[in-house]
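A short worksheet on the structure shown next.
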Amino acid sequence: MSEFVLYNLELDGSGGAKVLEASDLPVTLPQEGSRWIHVDRSDDMAQEWFASLPDVPYSLVEALFADETRPRLVKMGTGILLTLRGVNLNPGSDPSDMVSLRLWVTPHFIISVRKRRLLSVQDVIENLENNEGPVSTADLVSTLTHTLISRMASVIDGLEDELDDLEENMSQRIEADQRGELVQRRLESIRLRRFLVPQKEAIHKLIVEFQTWMTRDQLVQVQEAANELTRYVEALDSLRERCILMQEEFVNAQSEKMNARMYVLSILSGIFMPLGFLTGLFGINIGGMPGTNNSAAFWIFCGALALLGTTQFLVMRKSRWF
Numbered sequence: 009m010s011e012f013v014l015y016n017l018e019l020d021g022s023g024g025a026k027v028l029e030a031s032d033l034p035v036t037l038p039q040e041g042s043r044w045i046h047v048d049r050s051d052d053m054a055q056e057w058f059a060s061l062p063d064v065p066y067s068l069v070e071a072l073f074a075d076e077t078r079p080r081l082v083k084m085g086t087g088i089l090l091t092l093r094g095v096n097l098n099p100g101s102d103p104s105d106m107v108s109l110r111l112w113v114t115p116h117f118i119i120s121v122r123k124r125r126l127l128s129v130q131d132v133i134e135n136l137e138n139n140e141g142p143v144s145t146a147d148l149v150s151t152l153t154h155t156l157i158s159r160m161a162s163v164i165d166g167l168e169d170e171l172d173d174l175e176e177n178m179s180q181r182i183e184a185d186q187r188g189e190l191v192q193r194r195l196e197s198i199r200l201r202r203f204l205v206p207q208k209e210a211i212h213k214l215i216v217e218f219q220t221w222m223t224r225d226q227l228v229q230v231q232e233a234a235n236e237l238t239r240y241v242e243a244l245d246s247l248r249e250r251c252i253l254m255q256e257e258f259v260n261a262q263s264e265k266m267n268a269r270m271y272v273l274s275i276l277s278g279i280f281m282p283l284g285f286l287t288g289l290f291g292i293n294i295g296g297m298p299g300t301n302n303s304a305a306f307w308i309f310c311g312a313l314a315l316l317g318t319t320q321f322l323v324m325r326k327s328r329w330f
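Under the working numbering, the sequence shown is numbered contiguously, ending at residue 330.
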């Protein structure tokens, strides 16, 4: 029954938490203290338990355990539903494949739902174990929000560094394999921005909705997280624009190479066109062709062709065609 429970904690108000048994789940919504239950969404029993609680509308259950969702904040039931996204820092995973964290918050109770592991949650758990964690549900929300945003710094900065290196390499020499790297960087920035923009709006709304729940320090912490998130969105916008400019530069370089090759072919065609005409003309097998009875005519004709080709080359060179 309780295998879906990842953490069942009662905050002690001093930065620590009492670890409760996984089976010790509330049968009604707590009206005092600060209870935090973190569950695994992939287990259907988690949804059944939460739906069994009184005063929990089914629309909230559906929203909290939905397969796909975007960052948002909305009032539901007696609390607030907050959906956030964090970068995927699990080993072997793509950071831009962001992990969803859903929270339903009341003044004395928080249920958080996830499918994949989030290191930001682990950070908060470790702080609680060291008696340096949040002291209330409002403090837990602000701490989780700040930690989620802080974890994005390394990913955004790393993406910028990779694009800087690629840009420097392209300024020295443009190669075919750089196009794949450029497309990958652009896709990563697009995937990150897809969720960070609505998450920025949700966090700004969180500041308004939680004003009566949070202390001044907690509101400042959330505001700082919102400012950092705004900076990340602006950085991703800049990355996307740089990727577009670099892609245009790549296309221009490829076009220049193609034009240079076509120009060489045009020059060669211009040289060999009259030569081809003459060889075609003298290749017809009809009477009256000059030199048919002269054994040296072939070599004279070859010399004339060589002289004509050389003259054309010199004229084009002098005219600066190449």
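Just so it is clear, CB atoms sit at the ideal spot from N, CA and C, and this is done for glycine as well.
Only a predicted model underlies this, so the values are computations on that prediction, with no experimental measurement involved.
With a cutoff of 9 Å on beta-carbon distance, N98 and M106 are scored as not near each other. Less than 9 Å separates the beta-carbon of L283 from that of L316. In this chain, the beta strand (DSSP E) harbouring I45 covers R43 to D48. Under the DSSP assignment, V107 falls outside any alpha helix (DSSP H), being part of the beta strand (DSSP E) whose first and last residues are V107 to T114. A161 and S327 have their C-alpha atoms roughly 58 Å apart. In this structure, T151 sits away from V121, with a CB-CB distance that is not shorter than 9 Å.
Of P38, S42 and E11, the smallest CA-CA separation from E29 is found for E11. In terms of Cβ geometry, R93 and R49 do not form a close pair [threshold 9 Å]. Our two residues, L171 and R194, have alpha carbons roughly 9 Å apart in a direct line. Taking the Cβ atoms as the reference, G24 lies roughly 7 Å from G141, within the contact range of under 8 Å. In the DSSP assignment, G317 falls within the alpha helix (DSSP H) that extends over A305 to K326.
Taking a 10 Å sphere around the C-beta of S179, we find fewer than 16 other C-beta atoms and assign the residue as exposed. By DSSP's assignment, F117 forms a beta bridge with R43 and T114. Taking G166 as reference, the option from V230, E134 and A243 with the minimal CA-CA separation is A243. At the C-beta level, L214 and L81 come within 9 Å of one another. In the DSSP assignment, L204 falls within the unbroken alpha helix (DSSP H) covering Q186 to E217. Taking each of H212, W221, D169 and A314 in turn and checking the Cα distance to S246, the smallest one comes out for D169.
Under DSSP, T91 shares a beta bridge with R80 and R110. With 16 or more other Cβ atoms inside 10 Å of its own Cβ, Q226 counts as buried. The beta carbon of T91 is closer than 6 Å to those of T77, P79, R80 and R110 in its chain, skipping five residues each way along the sequence.
Counting only residues of its own chain and dropping the five nearest sequence neighbours on each side, L190 has a CB closer than 7 Å to the CB of L174, C251, M254, Q255 and F258. In the assembly as shown, E196 is a buried residue. Its beta-carbon has 16 or more other beta-carbons within 10 Å. By the 16-neighbour rule on beta-carbons within 10 angstroms, M222 is buried. Straight-line measurement puts the Cα of L89 at about 17 Å from the Cα of V129. Spanning the alpha carbons of N177 and Q55 requires a straight line of approximately 51 Å. Less than 9 Å divides the Cβ of R248 from the Cβ of R201.
Beta bridge pairing from DSSP links A25 with L19. The beta-bridge partner set that DSSP reports for R122 consists of D48. Our two residues, P65 and A71, have alpha carbons roughly 10 Å apart in a direct line. Spanning the alpha carbons of V149 and Q192 requires a straight line of approximately 34 Å. Across the structure, S42 and S108 are spaced so that their CA atoms are roughly 23 Å apart.
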